[in-house]
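In the working numbering, the protein residues as written are 187 to 354. Note that CB positions come from ideal geometry on N, CA and C, so glycine has one too.
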């Protein structure tokens with residue numbers, strides 16, 4: 187529960203690469219996510235090339251932190267052979283959240299940059315990264331060591347007024 191409580195969006199990173207072992211652990215966590223009918227529609231693009239990260243940062247204002255972040259992970263949906271196509275975005279969201287939580291466990295910071303369903307973000311990213319048409323870019327996650335040592339900290343967001351039992 188502590189990892190869930192302290193996870194925050196991090197937009198400022200140290201100039202320090204993320205170890206390949208940690209990247210693999212993030213991807214392993216992503217692939218443990220639940221998926222509808224066990225379709226596991228996800229594919230991942232890992233970007234650690236500084237020039238490519240800077241190109242991605244130009245796509246949208248919400249991706250500016252990639253000028254600093256040493257790593258990005260894109261979560262893609264393979265649109266072919268889906269057994270529950272309408273549920274694929276939820277599957278990808280679960281994989282994305284697993285990456286965010288595992289990153290906190292590893293001492294990393296992340297920022298989930300929304301892509302789906304914004305075509306004006308997805309199309310330039312697909313061009314930059316040579317993503318084939320059969321894949322839809324769902325999310326982009328900036329990853330790195332936070333500059334602020336207290337970046338991942340508890341902020342109480344609990345609001346009982348948003349809870350309804352049995353009926354709204």
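Under the three-state DSSP convention, the category residue i falls into
i	result
residue 235	coil
residue 329	strand
residue 305	helix
residue 322	strand
residue 263	strand
residue 270	coil
residue 289	helix
residue 218	coil
residue 283	helix
residue 276	helix
Check: residue i C-beta below 7 Å from any heavy atom of the ligand GTP
i	result
residue 193	Summarising the ligand content, the structure contains no ligands, and the ligand GTP is consequently not present.
Supposed close pair residue i, residue j - CB separation, criterion 8 Å
i	j	result
residue 275	residue 302	6 Å
residue 254	residue 331	That belief does not hold up - the Cβ atoms of residue 254 and residue 331 are roughly 11 Å apart, past 8 Å.
residue 295	residue 338	6 Å
residue 213	residue 289	Contact flag wrong, Cβ pair sits at about 11 Å.
residue 340	residue 191	5 Å
residue 258	residue 327	7 Å
residue 264	residue 348	35 Å between Cβ atoms; not a contact.
Spatial neighbours of residue i in its chain, beta-carbon cut-off 6 Å, leaving aside the 5 residues before and after
i	result
residue 317	none
residue 315	231
Nearest residue (CA-CA) to residue i, options the options
i	options	result
residue 311	205, 222, 193, 241	241
residue 215	284, 349, 201, 353	284
residue 239	226, 346, 329, 290	329
residue 223	268, 212, 190	268
residue 304	319, 187, 245, 221	245
residue 188	291, 315, 353, 336	291
residue 323	308, 234, 204	308
residue 235	352, 293, 256, 266	256
residue 252	313, 228, 196, 347	196
residue 203	293, 336, 352	293
residue 210	273, 227, 233	233
8 Å Cβ shell around residue i - same chain, five flanking residues per side excluded
i	result
residue 325	260, 261, 278, 279, 282, 298, 299, 300, 301, 302
residue 286	193, 296, 298, 327
Sequence-distant residues of its chain with Cβ nearer than 7 Å to residue i (five each side left out)
i	result
residue 333	198, 199, 200
residue 218	284
Bridge partners - residue i, DSSP secondary structure assignment
i	result
residue 230	261
residue 296	195, 329
CB contact check: residue i to chain D, cutoff 8 Å
i	result
residue 192	Among the chains in the structure shown there is no chain D, since it carries only a single protein chain.
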